[in-house]
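Novice: Let me begin by handing over the structure; questions about it come next.
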Amino acid sequence: MYVKITLVACAVAALSACNITPENYESAPVLAQSPMGPVTCQIYTREQVTWDRSINRPAAMDVRTADNICRMEGKRIMEGGTPNYAPVAQTAAPTGA
C-alpha cells in the first residue's frame, strides 16, 4: 500500500518538474513572404508547427492569417527548407569610462 502511494507521489513530483512551454523552444525570428508583405514568425521546433505564430505582420493582415502563414513557413522548414532569419539590430558595446 505504502509503495503504491510512494510511487504515485514520485511520479507526480517528476512530472510537475517538467515545464513544457513554447518559450523553451524559441528560434530566432524568421521572415515569411506573403502577397501583403513580410510576416515575422516565431518558429518553435522542427518537429511540429502547433506553436508557430506571427510576431509582426502587415497592418492590413489579421492575426489568424499571419499565424497560418507562419505555420506554413514552419512546415516548409520542417520539410527541409532553409529558414530566412529576420535581421537583428546591432547594439553598440558599452565603452569603459
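Numbers -19 to -1, 1 to 78, taken from mature numbering (1 follows the signal peptide of the UniProt record, and there is no 0), label the letters of the sequence shown in order.
All C-beta atoms, glycine included, are put in the ideal place defined by N, C-alpha and C.
(1) With 16 other CB atoms within 10 Å as the buried threshold, where does Y66 fall?
(2) What did DSSP end up calling C47 once you bin it into helix, strand or coil?
(3) Whole angstroms is fine: what's the gap from W32's alpha carbon to P3's?
(4) Let me confirm a value: A40 is counted as buried when at least 16 other C-beta atoms fall within 10 Å, else exposed. Which label applies?
(5) When you compare each of T46, T26, N5 to V20 by their alpha carbons, which one comes out closest?
Specialist: With the given structure in hand:
(1) Burial check for Y66: the Cβ neighbour count within 10 Å stays below 16, so the residue is exposed.
(2) Before going on, a small fix: residue 47 reads as Ala here, not Cys. Residue state, collapsed to three classes: helix.
(3) Their backbone Cα atoms lie some 7 Å apart in a straight line.
(4) In the assembly as shown, A40 is an exposed residue. Its beta-carbon has fewer than 16 other beta-carbons within 10 Å.
(5) Looking at the Cα atoms, T46 is the closest of the given residues.
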